[in-house]
Every structure is written in structure tokens, then in C-alpha cells.
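Here is the structure we will look at, set down as C-alpha cells.
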Amino acid sequence: MSETVLKIDGLVRFPASFSFADLAALPSDVQVRDISRFTPKRHGDGVLLSALLAQVEPSLDNYWLTFHAALDDFAASIPSDPKVLETGIVVYAHNGQPLSTVRGGPVRFLIPDPAVCHTAELDDCANVKFLDRIEITAERGRDTRPEDEAEHEELHRREQSH
Ligand SMILES: Nc1nc2c(c(=O)[nH]1)N[C@H]1C(S)=C(S)[C@@H](COP(=O)(O)O)O[C@H]1N2
Ligand SMILES: [Mo]
5 MSETVLKIDG
15 LVRFPASFSF
25 ADLAALPSDV
35 QVRDISRFTP
45 KRHGDGVLLS
55 ALLAQVEPSL
65 DNYWLTFHAA
75 LDDFAASIPS
85 DPKVLETGIV
95 VYAHNGQPLS
105 TVRGGPVRFL
115 IPDPAVCHTA
125 ELDDCANVKF
135 LDRIEITAER
145 GRDTRPEDEA
155 EHEELHRREQ
165 SH
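In this text, residue positions in the sequence shown follow my numbering: the first is 5, and each later residue adds one.
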């Protein structure tokens, strides 16, 4: 289980690749058990985004985080505001196994208390599933999130037909 599930790169001092085992080996004070405590319909365990960022060390104070999902070519770019840095969770496991694709795995991002979709930069649509790369940039990065309710409904229709 040493294959990379998540890469963090861009404007960081120490670009890093994490396997399931790397994430599972992080100290217990940065592990977040049972995300259904925050969002009853979602399940799994994660690590604090802040713990991963502390390892890679972004080289600027204020930056953008772009969450990329190659699997379905989805991306969301959000600013490094305190809510993201303090509450963001990288979910990677369920019952001690890698998170399944059905649950948005092998890695998904989760903001426990987001705004509703396309109402803010930090919305539920930013809870990127199939996350494989976090890119740190000075300006806003790629963002394929829906911009209005019609696009949003279309996205959810496509998701259901997977
Ligand atoms: N890779 C990827 N992540 C995604 C999406 C997507 O289509 N692809 N949809 C987003 C939207 S619009 C929402 S509301 C949530 C839905 O998450 P859920 O399936 O856990 O309810 O995932 C977000 N993350
Ligand atoms: Mo959404």
C-alpha cells in the first residue's frame, strides 16, 4: 500500500507524495476519526489538512489551494482562509482500508461546515472527491465547480449516472 494517493506541490518548500500508509502513520492528534460526526451521510476517517500543509510548508503567507481530481476532471480552488486551514479534513480511510471510490476515495476533501453549492468560495461543491493533488499557487487556480443552479443540477445528474 505504498502507492501515492495524494500529491501536494506548487509553491511549497517540500513537495510531497503520500500513500495510504503515510497518512495512516501520522500522529493520532492530527487524525480525525469518523467524519459522520460532521456530515451524517458521509463516512470515513481522515487527517487534518493543516498537518499535511505543515509538512510541505507553503512558501507564502496567503495562497490558493487547488484541489484536483483527475478521475472525473474536477477541480476547486479556494483561498487559504482560517476556516479551511483550521477545519479542512483529508479523508482517506474507512474501517482501516483505503476509502472506496463510491465514497469519493481513495482520498476526498471535506470542510465540515461549508456554504451551500455556488454561494461562496467555500461551498459544499468544494468537498472534492477522488482528490489526487493539492496545488499551492499565488493566484486562483483551476476551478470547474458549477456557477449556477442549472450547471449544479447537471453535475449531480452526471454523478448519479456513474
Ligand atoms: N471529483 C468530484 N468532486 C466533487 C464533485 C464532482 O462532481 N466531482 N461534486 C461536488 C459537489 S457539487 C457536491 S455537492 C459534493 C457531493 O458530495 P457527496 O457525493 O458526498 O454528497 O461533492 C463535490 N465534489
Ligand atoms: Mo453540489
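Note that beta-carbon positions come from the ideal geometry of N, C-alpha and C, so glycine has one too.
No experiment lies behind these values; they were computed from the predicted model shown.
Beta-carbon proximity list for residue i, same chain, < 6 Å, skipping 5 on both sides
i: R46; result: I39
i: C129; result: C121 and R149
i: F42; result: P116
i: L159; result: P150
i: V60; result: I12, V16, F18 and A20
Proximity winner among the options, relative to residue i (alpha-carbon distances)
i: T70; options: E143, E163 and S63; result: E143
i: S84; options: E61, D147, N99 and Y67; result: Y67
i: P86; options: L27, E163, L53 and D77; result: L53
i: E7; options: P110, S165 and N131; result: P110
i: P19; options: E155, Q164, E163 and T141; result: T141
i: R107; options: A124, D65 and E163; result: E163
i: I82; options: V60, L64 and N131; result: N131
i: H156; options: A25, T105 and F78; result: F78
Supposed contact pair residue j and residue i - C-beta distance, whole angstroms, cut 8 Å
i: V95; j: R112; result: 5 Å
i: F134; j: L75; result: 4 Å
i: G100; j: I115; result: Contact doesn't hold; Cβ gap of about 24 Å is too wide.
i: A29; j: A97; result: With a Cβ gap of about 12 Å, A29 and A97 do not count as contacting.
Chain-order list of residues whose beta-carbon lies under 7 Å from that of residue i (same chain, five-residue window excluded)
i: E139; result: D13, G14, T70, H72 and G145
i: D152; result: H122
i: G50; result: V36, I39, I93, V94, V95, Y96 and L114
i: L103; result: G48, V95, Y96, A97, G109, P110, V111 and R112
i: S165; result: none
i: S32; result: none
Pair within 8 Å by beta-carbon distance, residue i and residue j
i: F22; j: V34; result: no
i: D127; j: K11; result: no
i: P44; j: V16; result: no
i: A58; j: D147; result: no
Spatial neighbours of residue i in its chain, beta-carbon cut-off 8 Å, leaving aside the 5 residues before and after
i: A119; result: L126, D127 and D128
i: E90; result: S54
Point to revise | beta strand (DSSP E) runs contained entirely in the region 95 to 127, provided each spans 3 or more residues | key: Complete beta strand (DSSP E) runs here, min 3: 112 to 114.
Point to revise | Entirely enclosed beta strand (DSSP E) segments - the region 38 to 74, minimum 3 residues | key: Counting only runs of 3 or more, we get 49 to 52 and 68 to 73.
Exercise for review: Run through the region 134 to 165 for me and flag every whole beta strand (DSSP E) of 3 or more residues, listed as ranges in chain order.
Suggested key: At a cut-off of 3 residues, the continuous stretches assigned as beta strand (DSSP E) that sit fully inside the region 134 to 165 are 137 to 141.
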